[in-house]
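In the working numbering, the protein residues as written are 75 to 188. Cβ atoms here follow ideal geometry from the backbone N, Cα and C, with glycine treated the same way. Worksheet for the structure shown next.
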């Protein structure tokens, strides 16, 4: 059984991630997802597993035990308690979609263009 499938471990993960905080949904999602997914891993995922612009199929974050933990983490904060799952999902999708710009990726592309 996967470690995150255990309900107690899932609760511990939410408490641990809660220490990273975030006053808005965007900050909370970017904080947790940014710490879990470095660029090389984020490039392999999308929320649903679908690829965009004719790229290869990606792994689905929504089908992992991590997705509901991220949602619970965001909803556990006083500042982001009212966030909807759809709002959180959209921010995760944006983070993953723009992951190629992380860790110097945007600057790398700029240098290649000039």
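Reducing DSSP to helix, strand and coil, say where residue 151 ends up. Here residue 151 carries a coil assignment [DSSP, helix/strand/coil].
Among 86, 103, 80, whose alpha-carbon lies nearest the alpha-carbon of residue 163? 103
Which one of 136, 114, 148 has the shortest CA to CA distance from residue 97? 148
To the nearest angstrom, how far is it from the Cα of residue 168 to the Cα of residue 81? About 28 Å.
Let me check understanding here. Comparing Cα to Cα, which of 159, 79, 121 lies closest to residue 99? 159
C-beta contact flag for residue 118 and residue 133 at 7 Å: Taking 7 Å as the Cβ cut-off, residue 118 and residue 133 qualify as a contacting pair.
Taking its Cβ as the centre, do 16 or more other Cβ atoms sit within 10 Å of residue 137, making it buried, or is it exposed? exposed
Please state whether DSSP places residue 75 in a helix, a strand or coil. Because the pLDDT of residue 75 is 42, which lies under 50, any placement of that residue in the model is unreliable, and the number read from its coordinates should be weighed accordingly. Coil, per DSSP.
Helix or strand or just coil, what does DSSP make of residue 119? strand
In three-state terms, what does DSSP make of residue 137? In this structure, residue 137 counts as coil in the three-state DSSP scheme.
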